[in-house]
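For reference, the structure is listed below as structure tokens.
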Amino acid sequence: MILTVAELADKAAFLRAEGRNLVVTNGCFDLLHVGHVRYLQAARALGDALAIGVNGDVCVRQLKGEGRPVNNEGDRAEVLSALACVDFVAIFHELRATDFLAALRAPIYVKGGDYTPETLNAEERSLLDEIGVRIVIIPFTAGYSTSRLLGALKQRKP
1 MILTVAELAD
11 KAAFLRAEGR
21 NLVVTNGCFD
31 LLHVGHVRYL
41 QAARALGDAL
51 AIGVNGDVCV
61 RQLKGEGRPV
71 NNEGDRAEVL
81 SALACVDFVA
91 IFHELRATDF
101 LAALRAPIYV
111 KGGDYTPETL
121 NAEERSLLDE
131 IGVRIVIIPF
141 TAGYSTSRLL
151 GALKQRKP
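Residue numbering for the sequence shown follows the numbering used here, beginning at 1 and increasing consecutively.
Spelled out as structure tokens, the structure:
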């Protein structure tokens with residue numbers, strides 16, 4: 001289900017009131033691959049529902065460089081929302097997920113293996129610590145990355 005951040009914050013509050021655990025993650029999710037799917041399945045297994053904050057197109061370009069994203073924010077959100085392990089998707093337009101995380105106040109925040117709790121953005125980490133969020137790092141599935149996919153596609157050009 002694709003929602004606005006405000007609508008997702010309402011869903012998060014409802015789940016909290018019911019004593020259910022919302023797991024939250026965020027990212028670009030530009031070209032979905034099996035590494036993403038395994039990561040999201042592992043994240044979903046940590047709670048009662050999984051919400052994903054998708055970086056808006058302008059943010060992806062700032063984070064990843066020219067030529068990115070390959071898929072626009074609406075398409076990326078729609079593909080993610082079609083996965084059985086994903087309950088909610090919202091697009092956010094800030095460079096960092098701080099406002100998104102503050103709005104949801106979910107008890108569990110998940111990031112991929114390229115992060116450690118210490119290498120998370122300092123502002124995001126401070127907020128997560130302040131509201132008592134459990135941070136879980138899920139290891140990467142070796143051999144899968146969007147950058148690797150894009151590199152392979154470039155090599156296949158005629």
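Where a beta carbon is used, it is the ideal one built from N, C-alpha and C, also for glycine.
Note that the structure is a prediction, hence the values are computed from the model and not measured.
Query	Result
Using 8 Å for Cβ pairs, my map puts V23 next to L46. What's the rounded Cβ distance?	5 Å
By a C-beta neighbour count over all protein chains shown, 10 Å radius and 16 as the cutoff for buried, is T25 buried or exposed?	buried
Use the C-beta contact count for V86: other C-beta atoms within 10 angstroms, 16 or more gives buried, fewer gives exposed.	buried
Label F100 either buried or exposed according to how many other C-beta atoms from any shown protein chain fall within 10 Å of its C-beta, with 16 as the threshold for buried.	buried
Determine the direct distance from the alpha carbon of I131 to that of V34, and round the result to whole angstroms.	32 Å
Under a Cβ-count criterion, where at least 16 other Cβ atoms within 10 Å of its own Cβ denotes burial, should P69 be classed as buried or exposed?	buried
In terms of DSSP beta bridges, what is G27 paired with?	V54
Around the Cβ of L95, are there at least 16 other Cβ atoms within 10 angstroms (buried) or fewer (exposed)?	exposed
Which residues bound the beta strand (DSSP E) around Y115?	Taken as a continuous stretch (DSSP letters only), Y115 belongs to no beta strand (DSSP E), as it is neither H nor E.
Which ranges does the beta strand (DSSP E) cover as unbroken runs of at least 3 residues, wholly within the segment 77-116, from first to last along the chain?	88-92 and 108-112
Among all the DSSP beta bridges, which residues are the ones paired with A49?	L22
Taking A17 as the reference, give the member of F140, R156 and P107 with the closest Cα.	P107
Determine whether the beta carbon atoms of V54 and L15 lie at a separation below 8 Å.	no
Could you tell me the alpha carbon to alpha carbon distance between K111 and E66, rounded to whole angstroms?	24 Å
Ordered along the chain, which non-local residues of its own chain (more than five positions away) have a Cβ less than 7 Å from that of E124?	R96, A97, T98 and L101
My output table needs one value for L32: the three-state DSSP class, helix, strand or coil.	coil
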